[in-house]
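Same order as they appear, the protein sequences are chains G and D.
Taking my numbering, I'd label the letters of the first sequence as residues 50 to 184.
Taking my numbering, I'd label the letters of the second sequence as residues -9 to 741.
We put the CB at the ideal spot given by N, CA and C, even for glycine.
Only a predicted model underlies this, so the values are computations on that prediction, with no experimental measurement involved.
First the structure, in the form of structure tokens, and then the observations on it.
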Amino acid sequence: MKSHAMPATHDIDAVALDRATLDEAALARLSELDPTGATGLVGRVLKTYALSLERLVDDFSRARADGRHDVLRRVAHTLKSSSSSVGAAEFAALCVQVEAAMGVPENAESSALLDALMIESQRVARAVQARLATD
Amino acid sequence: MQLNADPAVTGLEVRPRVLLVDDDQVNLMLTAAALRERGFEVVEADSGDRALELLEQRPTDVLVLDAVMPGRDGFEVCRTLRATEGLEHLPVLMLTGLDDNESINRAFEAGASDFFAKSQQWSLLAGRLHYLLRAARTRQELERSKAKLARAQDLARMGSFDWRRQGSGTGPGSFALSPEGLRVFGLPNATLVSLRQLLRMVPGAERHGLMRILRDVMNTASVLTTDVPVTLRDGRSRIVHAEAEPEYNEHGQCVGYAGIVQDVTDRRIAEDRIRHLANFDALTGLPNRRQLIWRAERALDAARRIGHQVALLMIDVDRFKVINDTLGHAAGDDLLVEVARRLRSCVRHSDQVMEGALESIGSRSHRTLEAVGRLGGDEFVALLPEVGGEEDAERVAGRMLESMRDPIFVGGQECFVTGSVGIALFPRDGASVADLLRNSDVAMYSVKSAGRNALALYTPHLSGRGREKLELESALHKAIERNELVLHYQPKIDVRSARMVGVEALMRWQRGGTLVPPGDFIPLAEETGLIIPLSEWALREAARQAKVWSLSFGFADSVAVNLPNRLFERSDLVEHIHQAVSTYGVPHRSIQLEITETGLMRDLQNVIPSLHRLNEIGVEISIDDFGTGYSSLAYLTTLPISEVKIDRSFVRDLGITPQSSAVGTANIALARSLGLRVIAEGVENLRQMEVLHRLGCGVMQGFLFSRPIPPDDLETWLKTTVLPRRAPWIGQANALEVSENQRRLSPGAVA
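Okay, structure coming up:
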């Protein structure tokens, strides 16, 4: 949770930090699936992830406003495994927590957790964009 | 579902077809890439609905299914395809969260084959899929072999059953019959049937026996194998073969039986039919030779044990051959069937033998061996397994002869048949079945020789006549049937014109590879009376040959057939000849009859009427061996005779002794003065020919011209000798003709 308070910036340091948000080892595992890079798998996966993240975070915001805990739970469920796959380990961990929390009605109003997820999602989105821009 | 073949079996690398379903595009992409990398052919679907669509469209070996998805989730997809025909057994791997116990349970309830926690351990995922595919393949093979077994059982009208006895630890006694088994008993599929209900399908008497067998088998925990007659609900009777083995629990106690039931009705019918064909004569339904010998051997065993006598009666239908030839084979068969029926009614004939009881001491079951059997042709045998003595056997034989006397209506007319019966007794006349058969045969032939239509007991004296002669006689009896008789023909030559003017038919017997000359069998045929059927055959054959020659080279002369005088005594001779010539469409004059002078004179009064009738219908009579007997000249002038044949003994001595020339001259002169044709036989050289010609005999036969030859050779002989006028005697004959003409023309000739 080291970058929660970090504003969205586009300076060099910030880009470097955002890149660090994605676990290199996980990304290396992705590359193993396309060792020669012939199919551009890593790039395609990241692009797909970025699009799905954007859409799902929108869904998440709307569900939060509408108080739809079931949708929140499903979005968290979907995001956790793909985020883990692209190396967004902290974000994936947040998704696990949210999914679990939304399954229990008395934990439903844990707004701090939901805030944290929203903020981390932006960091991950930036990190992905940064990776796509440089790779 | 059609699984791609196992590479381990086929040796070919086949990519298993995976349908991957995940709503998360990233996961879908990654998992697909990982599986492709590991040799799978992957099709992706991002929703449950899309997955179901693709499953319908393309063959899939394994489904990898995300459990939690929006819309139709993985559980629902799984449930749907488990209810879809053809997809019930598709292997499904459900992808769940790492600690998602709830999903794991739901996955199994929905019918998933296995689950896999989502992770990036791709090799583990691939290994799990290979394992699933192998299990599915094994399952499919099992299904196939089960289906094959069911099909095979169905084809074999076989089914399986399982019976658990009460208190065997598996609850109350239970009985289960497979669908194929239900079909064996004619019951609809899925019928619930108890063992008791099945037993009730067995008819009463057999049911008690079956219950006893079942109790014995169960008490000793032994293997059950038995055939049971059952009556199905629709009333059909079937035979069910049941075979079962005991099953044991872990304590070694028999807890029940597992086995098969099979409808063996058709097999049983076929077996019975085969047994029947092997043991019974197809025409008459009587036991055949094999069955009769088997019975006779059993009867001798019993007789040796108990010490009584056995009788074997050999019965032959008299003149069956004539009936067969005149009325046709179908009528002959009808006659045999009727004779069989009558003979059978003369004994206590049993079709079935109480085989099991034959060995038991004190039992009289050997009496069930009593039967009449057919050995073949018109030969029947009666086996009397216990007789008090020869009188018993004679009584039965007498009944048989009596039973045959009533006319039999076959081929549109009444036939009168008689039989000849020979009797041999065990142990007196033979110790084995073969001896008894042979000796009853000898006795039967003695009846035939003595004029048929009677019975005779075997006596050693009958065999004393000489085995060779007996065998010859027995073989001669069958010679006509077997087409062993042939006629050879010797041409009669008119030496003046050097033309053939007729032939004499001479009988030969083709026995095995040798040609038996008439001297070796005609006397025996005379003695036994066989000469009658032999002569009758010769008349038919001569008529047939006359027709064949008339068609092939215009033969229009006559074929002379030698007849014994006893045939002339028969009132049906004229009718017989008429039938022979009519059958082949030749005129009556095609047949000429030769009767010896001695034969004619011996029984002149009885023969004369036949001679007149024959003459009326155009059949010429020739007196054979003329000059050897003591012909009454007075009779010769009145008899309807056309020709006399100078005996060979006079011809042989012609030109050697003056006496023979004198007798020859006298004979020829006598015949000529009576207006008869004269023919000389046994002419062997040109000198004899020349003398005979000079004496006024122009027609001759003998080796000088030709030996008796087969019919085909006669045609060749005509073509190669007579027509080209090549033989020496033709030259001589011409010379004689010339000198004769000169003699007539010379002024000093005596007219």
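Find the nearest neighbour of residue i within the set the options, judged by alpha-carbon distance.
i: P630/D; options: I646/D, H602/D, R642/D and V653/D; result: H602/D
i: G492/D; options: A570/D, P481/D, R205/D and R395/D; result: P481/D
i: S600/D; options: T588/D, V634/D, R556/D and L119/D; result: R556/D
i: E34/D; options: E27/D, D51/D, R501/D and Q15/D; result: Q15/D
i: D56/D; options: L10/D, V251/D, T647/D and W527/D; result: L10/D
i: V174/D; options: P60/D, D144/D and N239/D; result: D144/D
i: E376/D; options: Q691/D, E78/D and G297/D; result: G297/D
i: E381/D; options: E43/D, A546/D, L447/D and A656/D; result: L447/D
i: G502/D; options: P513/D, R486/D and L462/D; result: L462/D
i: I398/D; options: R667/D, F406/D and Q111/D; result: F406/D
i: L71/D; options: E43/D, R332/D and S93/D; result: E43/D
i: L333/D; options: R560/D, S393/D and I313/D; result: S393/D
i: F416/D; options: L694/D, T408/D and D291/D; result: D291/D
Would DSSP call residue i helix, strand or coil?
i: Q691/D; result: strand
i: E610/D; result: strand
i: M201/D; result: helix
i: S184/D; result: coil
i: K438/D; result: helix
i: P277/D; result: strand
i: S37/D; result: coil
i: G738/D; result: Only weak support exists for where G738/D lies, its pLDDT of 43 falling under 50; the value from the coordinates is given anyway. Coil, per DSSP.
i: P508/D; result: helix
i: R263/D; result: helix
i: A661/D; result: helix
i: G672/D; result: coil
i: E75/D; result: coil
i: R758/D; result: Outside the shown range of chain D (-9 to 741) lies residue 758/D, about which nothing can therefore be said.
i: V791/D; result: The structure shown has nothing for residue 791/D, since chain D only spans -9 to 741.
i: F140/G; result: helix
i: N596/D; result: helix
i: Q745/D; result: With chain D covering -9 to 741 only, the question about residue 745/D has no answer from this structure.
i: A(-2)/D; result: In this predicted model, A(-2)/D has a pLDDT of only 47, less than 50, meaning its place in the structure is not dependable; the value taken from the coordinates is given anyway. Helix.
i: D51/D; result: coil
i: V641/D; result: helix
i: V337/D; result: coil
For the alpha helix (DSSP H) containing residue i, list its first residue and its last residue.
i: F65/D; result: G64 to R72
i: D484/D; result: Element bounds for D484/D: not the alpha helix (DSSP H) but the beta strand (DSSP E), L475 to D484.
i: Y448/D; result: Here Y448/D belongs to no alpha helix (DSSP H), and DSSP marks it neither H nor E.
i: N17/D; result: Q15 to E27
i: E633/D; result: Here E633/D belongs to no alpha helix (DSSP H); instead the beta strand (DSSP E) covers E633 to I636.
i: V551/D; result: Careful: V551/D lies outside any alpha helix (DSSP H), inside the beta strand (DSSP E) at S548 to N552.
i: I413/D; result: Run containing I413/D: none in the alpha helix (DSSP H); it sits in the beta strand (DSSP E), G409 to F416.
i: N179/D; result: Segment: none, N179/D is in no alpha helix (DSSP H) and carries neither H nor E.
i: R743/D; result: Chain D is shown only over -9 to 741; residue 743/D falls outside these bounds and no answer can be derived.
i: E384/D; result: E380 to R395
Return the first residue and the last residue of the beta strand (DSSP E) that residue i is part of.
i: F165/D; result: S164 to L167
i: M490/D; result: R489 to R501
i: E584/D; result: I581 to T586
i: G322/D; result: First-last for G322/D: H319 to R334, but that is the alpha helix (DSSP H), not the beta strand (DSSP E).
Going by DSSP, name the residue or residues bridged to residue i.
i: M59/D; result: M59/D pairs with nothing; no bridge assigned.
i: Y247/D; result: W153/D and P236/D
i: A602/D; result: Looking at the sequence itself, residue 602/D is His, so the reference to Ala does not match. H602/D is not bridged to any residue.
i: P700/D; result: The partner list for P700/D (beta bridge, DSSP) is empty, contrary to what the question assumes.
i: Q403/D; result: V400/D
i: Q111/D; result: Note: Q111/D sits in no beta bridge, so no partner.
i: G366/D; result: E369/D
i: R7/D; result: E31/D
i: S227/D; result: T221/D
i: F106/D; result: L85/D
i: Q252/D; result: M148/D and H231/D
When every heavy atom of the ligand NAP is checked, does at least one fall within less than 8 Å of the C-beta of residue i?
i: S80/G; result: Although the ligand NAP was asked about, the structure shown includes no ligands whatsoever.
ask   = Which residues, taken in chain order from the segment 118 to 134 of chain G, show a beta carbon closer than 7 Å to some beta carbon of chain D?
value = Of all residues in the segment 118 to 134 of chain G, R123, H126, T127, S130, S131 and S134 have a Cβ within less than 7 Å of some Cβ in chain D.
Near-chain G residues of the segment 12 to 45 of chain D - C-beta to any C-beta below 8 Å = From the segment 12 to 45 of chain D, only D13, D14, Q15, V16, N17, M19, L20, A23, A24 and E27 have a Cβ closer than 8 Å to chain G.
inquiry  = At a CB distance below 9 Å, what residues from the segment 99 to 114 of chain D approach chain G? Give them in sequence order.
reply    = Residues passing the 9 Å Cβ filter: K108, S109, Q110 and W112.
task = Anything in the segment 45 to 70 of chain D with a Cβ closer than 8 Å to a Cβ of chain G? List those residues in chain order, please.
result = Going along the segment 45 to 70 of chain D in chain order, one finds V58 and P60 with a Cβ nearer than 8 Å to chain G.
inquiry  = If the cut-off is 8 Å on Cβ atoms, which residues from the segment 83 to 95 of chain G count as contacting chain D, listed in chain order?
reply    = For the segment 83 to 95 of chain G, which is checked against every Cβ of chain D, the residues closer than 8 Å are D83, T88, L90, R93 and V94.
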